[in-house]
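Worksheet for the structure shown next.
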Amino acid sequence: RVTILPYGSLRILNASKSDEGRYVCQGENVFGSAEIVASVSVKEPTRIELTPKKTELTVGESIVLSCKAIHDNTLDVTFYWTLNEQPIDFEKQGGHFESIKAQASSADLMIRNILLVHAGRYGCRVQTAADTVSDEAELLVRGPPGPPGVVIVEEITDTTATLSWSPGADNHSPISIHNLQARSPFSLGWQTVKTVPDVISGDMESAMAVELNPWVEYEFRVVATNKIGTGDPSAPSRVIRTNEAVPKTPPANVSGRSGRRHELVIAWEPVSEEFQNGEGFGYIVAFRPNGTRGWKEKMVTSSDASKFIYRDESVPPLTPFEVKVGVYNNKGDGPFSPIVVICSAEGEPSAAPVDVNATSLSVSEILVAWKHIKESLGRPQGFEVGYWKDMEQEEAAEKVKTEGNESSILLTGLEGNTLYHLTVRAYNAAGYGPPSTAVRAATKKSPPSQAPGNIMWIQDGSHVSLGWEPVKPLANESDVMGYKVLFRQEGQSNSQVIETQKTSAVILLPDVGVYIIEVCAVSEGGDGTASPQIRVPSLSGGKVTSAQSTLHSVSTSLSSVILLLALMVPSASW
């Protein structure tokens, strides 16, 4: 049990408490001797208990592995956790792992929201100053199936594709069903397709996709499902194109459109490329006058076409026709749309507006009004007004349009004191009707440029009496028709207005405060230039006495004061 080894070491097997003590090793030669002393302590062996030993879980569940150490009380213990013999890095596991140490002699491993990658052998190693022991537990994780293997397209027709694949991992739960998905340039991502058989069981490795569209590019993939859930899809197959076939989808919403006189305009919604079923796709437009037998057919070779115009001078306006539109491609002719009845175009308006009248409203505005002859052919969608100056040619006319049944329009932004010529004509989708006889109207002269001058005012409480010198317009300006007095409280933007034909006025200032007052002339051409602003304090609410009446003047001349008094006070008072 106790042996001295060839190089002087001492080996003690099956050590017990009786082997504790002080050991001395001495060495001697011809030159002398030396010794070392070793103290030996014998401790109880460390044992561990790791539970549970073997567990099956489902993805998303959680578990606690418990590791308990039975050791000599005089020794400290340290715990280490491994997964498949690799140390667990608790900082890099996304919060799935947590080490919990509630007592000095035990440690737990919490695994939250478990994933498939967390399956394997979990090791707990306990280390003391005297020994190291370890144990393992096995964790099996059930989850949705893994992706099936490569999808191979084995056979293609115009509406079917036969596919095969290799099975993916079942992740400890048998695969119950496979789903076949397809993607084309016309689909919104991957879509489940109909198959033969209808249900593809978990042990099958091939199926046929059916009810595909001819002459369309497809990719396919397979998705497996078990009791736990649906797994990731396989990689997409190579892109294939189904074979060509005769088209089966006619155009939708066949209808008539507006056109010129003697035209039959036939419109439809183009057939999507998804349903054209092959190359050389086009349309067959068939039509006949209502009540007749034979169809007249025209080929439209553009797959994007949405309209066909048939013109015949002998076709009266609004003649009813039976119409249908079919499809064809290189494989043959497809079906026609249902028959609809549409009418030939009524054409552009045939009559000019009557009773055209132009009225000048201001220096820059003319109101134009007219009437339309309802019995004329070609219902108008609106009217166009053309206008040009007297010295210009009609070809230089500016134009403005109305919509619907409007019978008047206000022209704005015109030049003042200018003669204009005006015409009106109706229009619709087919074109324009004839213009009316030209009428004339002249814009008003410009308003006076001179502002009312020498404004005088007298205040009596909240009443203010104003007087000013009359405005004399220039030769090219409108005559003065009266005056406007505008007043507003200081700090406000909206003014009150008093109109008068005299050169004086009395205004009431309703509230206490300072008022801004200005005066301008009124003419056919609009309002003239405003006078300089004057500021007047309102004494409303106070007692009105002679002391509150104060004479104010923009001009200090005595003649101006006499003029204002003469305007405001009756002669009998003097």
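Position 558 of the sequence shown, counting from 1, maps to 1579 under our numbering, and the rest follow consecutively.
Where is the CB? At the ideal position from N, CA and C, for every residue including glycine.
Keep in mind it's a predicted model, so treat the numbers as computed, not measured.
Residue 1509 versus residue 1438 - alpha carbon distance: As a position in the sequence shown, residue 1509 is number 488, starting the count at 1. As a position in the sequence shown, residue 1438 is number 417, starting the count at 1. Near 33 Å, if we compare the C-alpha coordinates of residue 1438 and residue 1509.
Cβ neighbours of residue 1417 in the same chain (closer than 8 Å, five flanking residues each side left out): Within the sequence shown, the letter at position 396 stands for residue 1417. Around residue 1417: 1409.
Beta-carbon proximity of residue 1242 to residue 1202, cut-off 8 Å: In the sequence shown, the residue the question calls residue 1242 occupies position 221. In the sequence shown, the residue the question calls residue 1202 occupies position 181. Yes, they are a contact pair.
Segment contact, 8 Å Cβ cut-off, at least three pairs: the stretch 1090–1100 with the stretch 1144–1153: yes
CB-CB length for residue 1117 against residue 1105, believed under 8 Å: The residue given as residue 1117 occupies position 96 in the sequence shown. The residue given as residue 1105 occupies position 84 in the sequence shown. The Cβ separation is near 15 Å, so there is no contact.
Among 1400, 1427, 1440 and 1424, the one whose alpha carbon lies nearest that of residue 1412: Taking the first residue of the sequence shown as 1, we reach residue 1412 at position 391. Cα-wise, what sits closest to residue 1412 is 1440.
Cβ pair residue 1265, residue 1310 closer than 8 Å: For this step, residue 1265 is matched to residue 244 along the sequence shown. For this step, residue 1310 is matched to residue 289 along the sequence shown. Not closer than 8 Å, so no.
Cβ contact (3+ pairs, closer than 8 Å) linking the stretch 1123–1142 and the stretch 1073–1085: yes
Beta-carbon proximity of residue 1351 to residue 1301, cut-off 8 Å: Locating residue 1351 in the sequence shown gives position 330, counting from the first residue. Locating residue 1301 in the sequence shown gives position 280, counting from the first residue. In contact: residue 1351 and residue 1301 (Cβ atoms closer than 8 Å).
8 Å Cβ cutoff met for residue 1431 and residue 1470: On the sequence shown, residue 1431 is found 410 positions in, with the first residue counted as 1. On the sequence shown, residue 1470 is found 449 positions in, with the first residue counted as 1. No, they are not a contact pair.
CB contact flag (residue 1348, residue 1355, <8 Å): Mapped onto the sequence shown, residue 1348 falls at position 327. Mapped onto the sequence shown, residue 1355 falls at position 334. Cβ distance < 8 Å, so residue 1348 and residue 1355 count as in contact.
Residue 1384 versus 1249, 1362 and 1468, residue with shortest Cα-Cα distance: Looking up residue 1384 in the sequence shown gives position 363. The option with the nearest alpha carbon to residue 1384 is 1468.
Given residue 1500 as reference, the closest of 1337, 1544 and 1425 once Cα atoms are compared: Position 479 of the sequence shown, counted from the start, is the residue given in the question as residue 1500. The shortest C-alpha separation from residue 1500 is found at 1544.
Completely contained beta strand (DSSP E) runs for the stretch 1481–1525, where each covers 3 or more residues: 1484–1490, 1501–1510 and 1517–1521
C-alpha gap between residue 1223 and residue 1237, whole angstroms: Counting from 1 along the sequence shown, the entry for residue 1223 is found at position 202. Counting from 1 along the sequence shown, the entry for residue 1237 is found at position 216. Their Cα atoms are separated by approximately 29 Å.
Enclosing beta strand (DSSP E) for residue 1407 [first to last residue]: Start at 1 with the first residue of the sequence shown, and residue 1407 comes out as number 386. It spans 1403–1410 - the beta strand (DSSP E) in which residue 1407 sits, taken as one unbroken run.
Nearest to residue 1407 (by Cα), restricted to the options 1459, 1552 and 1386: Here residue 1407 corresponds to residue number 386 of the sequence shown, with the count starting at 1. Cα-wise, what sits closest to residue 1407 is 1459.
Within 8 Å, strictly: CB atoms of residue 1454 and residue 1373: Here the question's residue 1454 lines up with position 433 in the sequence shown. Here the question's residue 1373 lines up with position 352 in the sequence shown. In this structure, residue 1373 lies closer than 8 Å to residue 1454 by Cβ.
Residue range of the beta strand (DSSP E) that includes residue 1530: Your numbering for residue 1530 matches position 509 in the sequence shown. No beta strand (DSSP E) contains residue 1530, which DSSP labels as neither H nor E.
Run of the beta strand (DSSP E) containing residue 1380, from where it starts to where it stops: Reading the sequence shown from its first residue, position 359 is the one you call residue 1380. Note, residue 1380: beta strand (DSSP E), 1375–1381.
Close Cβ partners of residue 1174 (< 8 Å) along its chain, the five nearest in sequence each way excluded: Taking the sequence shown and counting its residues from 1, the one referred to as residue 1174 is at position 153. Contacts found: 1182, 1183, 1184, 1241, 1258, 1259 and 1261.
Residue 1298, buried or exposed, once every other Cβ within 10 Å from all chains shown has been counted against 16: Your numbering for residue 1298 matches position 277 in the sequence shown. Classification of residue 1298: buried, given that the 10 Å Cβ count is 16 or more.
Inside the stretch 1321–1377 only - beta strand (DSSP E) runs reaching at least 3 residues: 1328–1332, 1341–1350, 1353–1357 and 1361–1364
For residue 1421 and residue 1569, the rounded distance between their alpha carbons: Mapped onto the sequence shown, residue 1569 falls at position 548. Mapped onto the sequence shown, residue 1421 falls at position 400. With a pLDDT of 39 at residue 1569, under the threshold of 50, the modelled position of this residue cannot be trusted; read the value that follows with caution. Rounded to whole angstroms, residue 1569 to residue 1421 spans 59 Å at the Cα level.
Residue 1308 classed as buried or exposed, judged by whether at least 16 other C-beta atoms fall within 10 angstroms: For the purposes of this step, residue 1308 is identified with residue 287 of the sequence shown, where counting begins at 1. Buried, by the Cβ-count rule.
Beta bridge counterpart(s) of residue 1118 as assigned by DSSP: Position 97 of the sequence shown holds residue 1118. Partner(s): 1132.
Reference residue 1478; option with closest CA among 1517, 1528, 1442 and 1464: Mapped onto the sequence shown, residue 1478 falls at position 457. Per the Cα distances, 1528.
Coarse secondary structure for residue 1571, derived from DSSP in three states: Numbered from its first residue, the sequence shown carries residue 1571 at position 550. Low confidence applies to residue 1571: its pLDDT is 42, below 50, so where it sits in the model is not reliable enough to give any reading.
Candidates 1156, 1050, 1334 and 1204, of which the one nearest residue 1074 by Cα: Along the sequence shown, one-based indexing puts residue 1074 at 53. Residue 1074 has its Cα closest to that of 1156, out of 1156, 1050, 1334 and 1204.
With 16 other Cβ atoms within 10 Å as the buried cut-off, status of residue 1524: Here the question's residue 1524 lines up with position 503 in the sequence shown. Classification of residue 1524: buried, given that the 10 Å Cβ count is 16 or more.
Buried or exposed by the 16-neighbour rule on C-beta atoms within 10 Å, applied to residue 1088: Mapped onto the sequence shown, residue 1088 falls at position 67. Looking at its Cβ environment, which holds 16 or more other Cβ atoms inside 10 Å, residue 1088 is buried.
Rounded Cβ spacing between residue 1362 and residue 1328 (contact assumed at less than 8 Å): Translated into the one-based positions of the sequence shown, residue 1362 becomes position 341. Translated into the one-based positions of the sequence shown, residue 1328 becomes position 307. Actually they do not touch by this definition, with Cβ atoms about 18 Å apart.
Under the three-state DSSP convention, the category residue 1467 falls into: Locating residue 1467 in the sequence shown gives position 446, where the first residue counts as 1. Three-state DSSP puts residue 1467 in a strand.
Host beta strand (DSSP E) of residue 1059 (start-end): As a working mapping, residue 1059 is identified with position 38 in the sequence shown. Looking at the DSSP string, the run of the beta strand (DSSP E) that includes residue 1059 is 1053–1061.
Extent of the continuous beta strand (DSSP E) run through residue 1313: Indexing the sequence shown from 1 puts residue 1313 at position 292. That residue, residue 1313, is in no beta strand (DSSP E); it is neither H nor E in DSSP.
Extent of the continuous beta strand (DSSP E) to which residue 1141 belongs: As a working note, residue 1141 is residue 120 in the sequence shown. Unbroken beta strand (DSSP E) run through residue 1141: 1141–1148.
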